[in-house]
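Chains as they are written, first to last, in the numbering used here: chain A, 1 to 193; chain B, 194 to 388.
Reviewing the structure listed below.
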């Protein structure tokens, strides 16, 4: 199972695309945990409520708007999220989307010694394919998933613009300590907008 | 100037919603979606389209009967009947494709009076989601990866019904462009995701 933590703020059309890009996944082993940054406006609520009839979509809101790229909400969700052994955690933004075989490819490569899986990204910086590299500035948040025990042990520790890359690096270091590997899928399965 | 997008659809409700929203979030709003369902649409799709057509740029049609053949017969009919200005452009696509939010913006950047076709690369499901480098020949480009100036598209017509009729259409549009002394521009970016 992939638990996807998605931070959201105001972009309702983009959020709808993201949610539906999961609903059409060829592999149904995913859960979306959407965290809205601050009190949710009516238009977002109207959109999300009907979609929540799909039991794999959960919606939360933070008491106040915390900003900082959504990182404080990521930090809290990572601590609180209930997972099972062997699950993976993906973090993303509300304006990204995934090709329909993303979950299939990512879960298809899992073995007992795999701690992270990552792929390339079709990136909005001029829409060229970004060759993901684990590390600060080398990978976008939505392009990698981490085994839940590694992710929780690592924690999401920074609030800067490149906190996602630092989180990737720290997860990779934790994997090494646990003798786990990071596997790369050389495909652009994730569209960063 | 607009891009008129002819979308053939059949029963895939959620992917169709994604496609429509991919256009609604475009950074350039100058597009019109002409969605043609192949045969009478199921109630569920009619209900959803009832909401989506509140955006006046989204137009929904249903063919009287199901024609199949990859949606090509509906493409042909729509290309003949669609009302547009000569300087508009026509894009054809399927209901389960995605576009990046700057697709229209990037395509329009390349428009000049002497340009008949603009095309881009594709993140393509048939190639395991690697990049398909487009070329304007049969089997070299996907239907959703190129726009054709409306007068050229209509003059050319959509003339075949086989699997790779999209590439054949691209080839024939190239021939018409050449006859009209118009050129082509390629954008070396995968702005289109084929699913």
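Glycine residues also receive a C-beta, built at the ideal position from the N, C-alpha and C atoms.
Predicted, not measured: the structure shown is a model, and the values here were computed from it.
Bridge partners of residue 184(A), per DSSP?
According to the DSSP secondary-structure assignment, residue 184(A) is paired through a beta bridge with 118(A).
What residues from the stretch 9-29 of chain A come within 9 Å of chain B, judged by C-beta to C-beta, listed N to C? Within the stretch 9-29 of chain A, the residues whose Cβ lies closer than 9 Å to some Cβ of chain B are 11, 13, 14, 16, 17, 20, 21, 23 and 24, listed in chain order.
Self-check item: Three-state class that DSSP yields for residue 91(A) in the structure shown
Solution: Here residue 91(A) sits in strand by DSSP.
Checklist entry - What does residue 4(A) pair with, by DSSP beta-bridge criteria? => result Residue 4(A) pairs with 32(A) and 90(A).
Where do the N-terminal and C-terminal ends of the alpha helix (DSSP H) with residue 268(B) fall, by residue? From DSSP, the alpha helix (DSSP H) with residue 268(B) extends over 265-274.
Notebook entry, point to check: Is the Cβ-Cβ distance between residue 157(A) and residue 178(A) less than 8 Å?
Noted result: With respect to the 8 Å criterion, residue 157(A) and residue 178(A) are not classified as neighbours on the basis of their beta carbons.
| query | Of all Cβ atoms in chain B, is any one closer than 8 Å to the Cβ of residue 46(A)? | reply | No, residue 46(A) lies away from the interface with chain B (no Cβ there is under 8 Å from its Cβ).
- Query: Under the three-state reduction of DSSP, which class applies to residue 335(B): helix, strand or coil?
  - Reply: Secondary structure at residue 335(B): coil, using DSSP grouped into helix, strand and coil.
Taking its Cβ as the centre, do 16 or more other Cβ atoms sit within 10 Å of residue 194(B), making it buried, or is it exposed? Exposed, because fewer than 16 other Cβ atoms sit within 10 Å of the Cβ of residue 194(B).
Under 7 Å Cβ-Cβ, which residues of chain A neighbour residue 295(B)?
By Cβ distance, chain A contributes 127.
Original post:
Listed from N- to C-terminal order along the chain, which residues in the stretch 309-321 of chain B have their beta-carbon within a distance smaller than 8 Å of any beta-carbon of chain A?
Top reply: Residues 316, 318 and 321.
Can you find a CB in chain B that lies within less than 8 Å of the CB of residue 101(A)? With a threshold of 8 Å between beta carbons, residue 101(A) makes contact with chain B.
Got a sec: is the Cβ-Cβ distance from residue 191(A) to anything in chain B below 8 Å?
-> Yes - at least one Cβ of chain B is within 8 Å of the one on residue 191(A).
Looking at the structure shown, is residue 383(B) part of a helix, part of a strand, or coil, going by DSSP? Of the three classes helix, strand and coil, the one that applies to residue 383(B) here is strand, per DSSP.
Does the Cβ-Cβ distance between residue 380(B) and residue 311(B) come in under 8 Å? It is a contact, given that the beta carbons lie within the stated cut-off.
Query - Distance between beta carbons of residue 377(B) and residue 333(B), contact taken as under 8 Å - result: Residue 333(B) to residue 377(B), Cβ: 13 Å. No contact.
- request: Verify the CB distance criterion: does residue 168(A) have a CB-CB separation below 8 Å to chain D?
  value: Chain labels in this structure do not include chain D; the protein chains are A and B.
| field | Three-state secondary structure (DSSP) of residue 156(A) | value | Correct three-state label for residue 156(A): coil.
Would you give the residue range spanned by the alpha helix (DSSP H) that residue 196(A) belongs to? The structure shown does not extend to residue 196(A), since chain A is modelled only from 1 to 193, so the question has no answer here.
#### Entry: Collapsed DSSP secondary structure at residue 350(B) in the structure displayed
Coil, per DSSP.
Checklist entry - Less than 8 Å separating the beta-carbons of residue 283(B) and residue 343(B)? => result Yes; because the gap between Cβ atoms is below 8 Å, this pair is in contact.
| Applying the criterion that 16 or more other CB atoms from any shown protein chain within 10 Å of the CB defines a buried residue, is residue 75(A) buried or exposed? | Per the 10 Å Cβ criterion, buried.
(message) Between residue 69(A) and chain B, is the shortest Cβ-Cβ distance under 8 Å, so that the two count as touching?
(response) Chain B contact via Cβ: absent.
**Request:** Closer than 6 Å by C-beta to residue 228(B): which residues in its own chain qualify, once you throw out the five before and the five after it? Chain order, please.
**Result:** Residues 200, 202 and 253 of the same chain have their beta carbon placed closer than 6 Å to that of residue 228(B), with the five preceding and five following residues left out of the count.
Notebook entry, point to check: Cα-Cα, which of 189(A), 107(A) and 48(A) is closest to residue 129(A)?
Noted result: Checking every option, the nearest Cα to that of residue 129(A) belongs to 189(A).
Query - Between the CA atoms of residue 102(A) and residue 27(A) - distance to the nearest angstrom - result: Going from the Cα of residue 27(A) to the Cα of residue 102(A) covers about 8 Å.
Of the residues 365(B), 255(B), 237(B) and 214(B), the one placed nearest residue 206(B), counting alpha carbons only: For residue 206(B), the closest alpha carbon among the candidates 365(B), 255(B), 237(B) and 214(B) is that of 237(B).
Excluding the five sequence neighbours on either side, which residues of its own chain have a C-beta within less than 7 Å of the C-beta of residue 64(A), listed in chain order?
Around residue 64(A): 38.
CB-CB under 8 Å to residue 356(B), same chain, minus the five flanking residues each way: which ones, in chain order? Excluding sequence neighbours, residue 356(B) sits near 263.
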